[in-house]
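>
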Amino acid sequence: MTLTELLPSLRTSLRPPLDPTVWPVTARWAPQGDLLVGGVSMTTLAARHGSPVHVLDEADVRSRCAEYVTAFGPRTVSYSAKAGLTPDTARWIASEGLGGYVTSAAELKTALLAGIPPVHLVLCGRSKSVADLEAAFACGAAIVAGSISEVETLAARAPIGQRVLLRVLPSAGRGRCRYGLPLGTTIALAATKKVLDAPNLVLAGLDCSIGHQLSRFQAFESCLRETMAFGAVIRARFGVTVPALNLGGGHAVAYADGDHEFAVSAFATRIRGMLRLSADRFNIPEPRLTVSPGRAIVARAGLTLHRVNALTTVDGRPTVALDGSVPDCVTTELCAGRHTAYLIGRASQAPRQAGEAMRLPADLVVGDLVAVAGTGAYHHHQETYVGRPPVLGVADGLARTLVRRETLRDLLRRTA
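Numbering (the working numbering), first residue to last: 28 to 443.
See below:
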């Protein structure tokens, strides 16, 4: 994450630069040190809605979607909804031509209401409930199966024509992932045979996920080669051509100044070339290549506004207590007159040190407003039990409530 004071102190005239790889695409400094995102004043927004508050830049989300569609082509990109999904963000994503990888019946329903066709929806996730499966059966969404037991469940319960994607686990992902059919073993072939033998199931393709925050293309290329080799084995053993290959997401996102962005266009060009070479090498038709990014679509679009609640010192270091949850990774721009500091949130068990790169104004005071960038993915629905902040979408100078603030009444209503 990148942390910078939203209102630079009147005691200093220096303002930190806004790194375009970290902050939302519409983020701009305004006169008097105010920050504009989507044309909306963040000081005004915080005064009106309180803090902490999550802000999501609609233009940034849409630009990321368009970048992926341009690179990979129409109907080849699905959004991984576990990164964060609301009815409004689902509509943005649907209108940009993305499908959806969902992990629950609730996410599936949200995607359907947003207008994403069932043919472009996939139910994934390691642990699917009966309700999740029934929702997918009812609308015709494809389902990812990553174990023989999942295939057996689908064979016993799914309707005729149920599309199944087999989650395979290449060697490149085994150190980071624990879900999938390990390639190079009899397990993957056995699961494939069960899908092909089931009269109600259709093998729709192979699915991969090899980790998160991956910045090197080589990991994806290795994954593709192994998966294509497995596709050749399927064709030789069963006489069936694998129609599609999803390489998942996991594309690295810049969270700190100086981090490199994942080069989406270059990656698409390179991986398509590797796909052609692999198809020629194994003498099989090219499968339809798809990807399913999540974090890479929404992370940079989000920021969170906090107030400073308290200032103290821990082990000789200044400690700044914010009024919300503190992300796992926080850094700030470097600016004259700043010092390193610890950060703690309302639910923190211990201060989180961001190291020498994390600097705050030396004259920071209680009540100052700070903005944490890069919080568009995962942060809202992983908030701790302190009353989750609202999510506001900003675009064209207007702010819209996407998710309202969770109140004490909401929390008590859920207790016995």
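A virtual CB, placed ideally from N, CA and C, is assigned to each residue, including glycine.
Values in this document were obtained by computation on a predicted structure and should not be read as measured data.
Work out the CA separation of R91 and F99 for me, nearest whole Å.
Spanning the two alpha carbons is a distance of roughly 12 angstroms.
> Name the DSSP beta bridge partners of Q59, please?
Its beta-bridge partners do not exist; DSSP assigns none.
> What span of residues does the alpha helix (DSSP H) with H239 cover, start to end?
Note, H239: premise wrong, no alpha helix (DSSP H); not H, not E.
> Which residue marks the beginning of the beta strand (DSSP E) containing P345, and which one marks its end?
Here the beta strand (DSSP E) through P345 covers R344 to L349.
> Work out the CA separation of V260 and V82 for me, nearest whole Å.
Using only the alpha carbons, I get a separation of about 48 angstroms.
> Could you round the C-beta distance between R262 and T268 to whole angstroms and report it? I think they count as a contact, below 8 angstroms.
Indeed, because the Cβ distance is near 6 angstroms, the residues count as touching under 8 angstroms.
> In terms of alpha-carbon separation, which member of A348, P270 and F294 lies closest to G394?
It is A348 whose Cα lies nearest to the Cα of G394.
> With H, G and I counted as helix, E and B as strand and the rest as coil, what does DSSP make of P44?
In this structure, P44 counts as coil in the three-state DSSP scheme.
> Can you find a C-beta in chain B that's less than 8 angstroms from the C-beta of I175?
This model lacks chain B altogether, as it is built from one protein chain only.
> Give me the residue from T339, A326 and H287 with the minimum Cα distance to G111.
Out of T339, A326 and H287, A326 has the C-alpha closest to the C-alpha of G111.
> On the DSSP bridge assignment, give the partners of Q245 in chain order.
Beta-bridge pairing links Q245 to no other residue.
> How many angstroms separate the CA atom of A217 from the CA atom of A199?
Distance between the alpha carbons of A217 and A199 is about 21 angstroms.
> Restricting to Cα atoms, I'd like to know which of V88, G351, T71 and A279 is closest to P51.
Among V88, G351, T71 and A279, the Cα nearest to that of P51 belongs to V88.
> Using CA atoms only, rank isn't needed, just tell me which of D234, L181, P226 and A168 is closest to R194.
The shortest C-alpha separation from R194 is found at D234.
> Among P417, G238 and N336, whose alpha-carbon lies nearest the alpha-carbon of T4?
Summary: the structure shown does not reach residue 4, with the chain confined to residues 28 through 443, and so no result is reported for it.
> Looking at the secondary structure, which residues open and close the alpha helix (DSSP H) in which V341 lies?
Run containing V341: none in the alpha helix (DSSP H); it sits in the beta strand (DSSP E), G329 to V341.
> Give the range of the beta strand (DSSP E) segment to which F428 is assigned.
As written in the sequence, residue 428 is Thr, which differs from the Phe given in the question. Counting along the chain, the beta strand (DSSP E) containing T428 begins and ends at L425 to V430.
> Looking at the structure shown, is I170 part of a helix, part of a strand, or coil, going by DSSP?
Here I170 sits in strand by DSSP.
> DSSP beta-bridge partners for H81?
Paired residue(s): T331 and V418.
> Label L429 either buried or exposed according to how many other C-beta atoms from any shown protein chain fall within 10 Å of its C-beta, with 16 as the threshold for buried.
Classification for L429: buried.
> Where does S122 land, buried or exposed, given buried means 16+ other C-beta within 10 angstroms?
S122 is exposed by the Cβ-count criterion.
> Which residue from G329, R441, D390 and T339 puts its Cα closest to that of E85?
Per the Cα distances, G329.
> Rounded to whole angstroms, what's the CA-CA distance from Q59 to T296? Just pull it up for me.
Between Q59 and T296, the C-alpha separation is close to 44 angstroms.
> Along the chain, where does the alpha helix (DSSP H) that runs through T71 open and close?
Element bounds for T71: M69 to H76.
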